[in-house]
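First the structure, in the form of structure tokens, and then the observations on it.
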Amino acid sequence: KLKRNPEVVDLLLNFLACSAQSRNTRGWNRCGRGLDHSVILEALFEPFPYGLGFDTDGKQDVPLLVKTLNLIPPVAKMIKQPSDDLLKKELDEISPLCFPLLRWTIQSNRTNLKLVPKAKQISSMETELQFQVVSSFPEHERRWARHRSDALASGCASGNGVFKAFHGSSISNWHSILRTGLRSGFVAGIYTALNAATSHAYMQVGVENNQGWTNSQWQWDSKISCISLVEVADLRLFDDIITWNSGHNVYVVRKNEAVVTRYLFFYP
């Protein structure tokens, strides 16, 4: 994975860093509104690498995880090792926790990503870090396909039964989203917008003082963020599934499985 998709590994480590650092401070929910502090701290940072030396009886040691994460060398340096054994040896000399954390970060990711070649990128998104979601959750895809079929059968859907939209979320959420999928969380549904500018406002929520992975190949600032391009089963005829929120200019999708992520746009 390191050699095949070094940019993807860098992205995953950045997402882990952002989630951990938000978990280490005050945190936000998926819509950016503050909740009870203890609830935020437990809800925000999952999945977590339990059993690898970063918890005691299930209690997360987030400072130790952040410290270990920032000891992991740059991806460009790690891919020079010809084998996993030699890479493990190199990382073990730094800390015996580095290699298990790196391996968990890669293997726990359930979303298969690849960097989009520059010639095929969407220039209007104003970032060269565009990632295609090649595959993610098979059962979710099957349920999404059924909703798409229902949309086509309704006779009121767009030509292919879907509409494209954007979803913006705090950078601290993407570590979880890539492993568990988009979920409505603490709000009424998944917010999707027909234009990227609207979703950009949502992805900026709650990223104050957030920093990416220390050894990332990318230079980032306190506004590190991410937005996704999604496909929504066109069930806008059914108000119990999709509703229009005119105040926020978004469609609120109440069924998680009616939304599938196709691209990520990363802004370091």
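Residue numbers (the numbering used here): 2 to 269.
Ideal placement from N, C-alpha and C gives every residue a C-beta, glycine not left out.
Under 8 Å by Cβ, that's how I've got residue i and residue j pegged, so tell me the actual separation to the nearest angstrom.
i	j	result
leucine 179	isoleucine 191	Not really, about 15 Å apart at Cβ, beyond 8 Å.
alanine 158	aspartate 85	Not confirmed; about 47 Å, so no contact.
leucine 13	isoleucine 107	7 Å
leucine 98	glycine 54	5 Å
glycine 162	asparagine 15	So it is not a contact: roughly 34 Å between Cβ atoms.
Indicate the three-state DSSP secondary structure (helix, strand or coil) for residue i in the structure shown.
i	result
lysine 78	helix
leucine 265	strand
alanine 21	helix
leucine 102	helix
threonine 26	Per-residue confidence for threonine 26 stands at a pLDDT of 46, beneath the threshold of 50, marking its modelled position as unreliable; the derived number appears in the next sentence. Residue state, collapsed to three classes: coil.
threonine 128	coil
leucine 238	coil
glycine 16	With the sequence shown as reference, residue 16 is identified as phenylalanine, and glycine is not the correct amino acid for it. Here phenylalanine 16 sits in helix by DSSP.
aspartate 56	strand
tryptophan 245	strand
serine 173	helix
tyrosine 252	strand
valine 260	strand
glutamate 43	With a pLDDT of only 45 at glutamate 43, under 50, the local geometry of the prediction cannot be trusted, and the value read off the model is given with reservation. Here glutamate 43 sits in helix by DSSP.
isoleucine 191	strand
Taking 8 Å as the limit between beta carbons, can you name the residues of its chain near residue i, skipping five residues before and five after?
i	result
asparagine 6	Leu114, Lys115 and Leu116
alanine 202	Gly169
glutamate 91	Pro74, Met79 and Gln82
proline 101	Pro50, Leu53 and Gly54
Given a cut-off of 8 Å on the beta-carbon distance, is the pair residue i and residue j in contact?
i	j	result
aspartate 58	glutamine 218	no
isoleucine 225	alanine 197	no
tryptophan 175	valine 261	no
valine 76	leucine 130	no
alanine 120	valine 67	no
phenylalanine 239	threonine 128	no
serine 185	asparagine 246	no
Can you list, in chain order, the residues of its chain with a C-beta nearer than 7 Å to that of residue i? Leave out the 5 residues immediately preceding and following it.
i	result
alanine 194	Ala166, Phe167, Ser200, Asn250 and Val251
valine 40	In this predicted model, valine 40 has a pLDDT of only 41, less than 50, meaning its place in the structure is not dependable; the value taken from the coordinates is given anyway. Contacts found: none.
With a cut-off of 8 Å, does the C-beta of residue i fall near any C-beta of chain B?
i	result
isoleucine 107	Annotation note: the requested chain B is absent from the structure, which comprises a single protein chain.
Using CA coordinates, which residue listed in the options is at the minimum distance from residue i?
i	options	result
valine 253	Leu102, Val233 and Pro101	Val233
proline 48	Leu103, Leu88, Asp241 and Asn110	Asn110
leucine 103	Gln212, His176, Leu130 and Leu70	Leu70
tyrosine 264	Lys2, Val9, Lys4 and Leu3	Val9
valine 63	Glu94, Ala18, Lys90 and Glu258	Ala18
threonine 181	Leu65, Tyr51 and Pro139	Pro139
glutamine 216	Phe46, Asp241 and Lys78	Correcting the residue type first, residue 216 is asparagine in the shown sequence and not glutamine. When only C-alpha atoms are compared, the closest one is Lys78.
Given residue i, which residues of its chain have a CB within under 6 Å of its CB, disregarding the five upstream and five downstream residues?
i	result
methionine 126	Phe266
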